[in-house]
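*Asks:* Structure incoming, see below.
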Amino acid sequence: MTGFDLRGERHRLKQLTDDGDAKLFENRAGVPCPVCGERFARLFVAERESVSFPENDGSRFCLLRDGASVHLFRH
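Take the sequence shown: its position 45, counting from 1, is numbered 45 in this note's numbering, and each next residue is one higher.
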């Protein structure tokens with residue numbers, strides 16, 4: 001992965017929420033995912049070290065950034 005330039009792609013994304021240290025965007029212009037190259041639906045950007053997502057499809061999950069790694073915990 002070469003990274004993602006949010007500032008460079010910002011004009012192609014619709015910001016849905018911003019709580020100060022986390023933002024949610026909708027991809028309305030077909031921006032490709034920098035990991036797999038496929039179009040993504042939404043982008044979540046977090047400045048904090050850990051984030052919990054509420055249950056939306058039957059399972060809650062949490063993300064933890066630990067140095068160079070990101071851990072996904074599915075509950």
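Idealized CB from N, CA, C, for every residue including glycine.
#1: Following the continuous alpha helix (DSSP H) through residue 49, name the residue where it begins and the one where it ends.
#2: Exposed or buried, which one is residue 64 when buried takes at least 16 other CB atoms within 10 Å?
#3: Going by alpha carbons, who is nearest to residue 33 out of 68, 57, 5 and 19?
#4: Apart from the five residues just before and just after residue 44, which ones in its own chain have a Cβ nearer than 6 Å to its Cβ?
#5: Are the CB atoms of residue 144 and residue 74 nearer to each other than 7 Å?
*Replies:* Concretely, from the data shown:
#1: Where residue 49 is concerned, there is no enclosing alpha helix (DSSP H), because DSSP gives it neither an H nor an E.
#2: Residue environment analysis places residue 64 among the exposed positions, since fewer than 16 neighbouring C-beta atoms fall within 10 angstroms of its C-beta.
#3: Among 68, 57, 5 and 19, the Cα nearest to that of residue 33 belongs to 5.
#4: Once the five neighbours on either side are set aside, the close Cβ partners of residue 44 are 24.
#5: A question about residue 144 goes unanswered here, because the residues of the chain that appear run from 1 up to 75.
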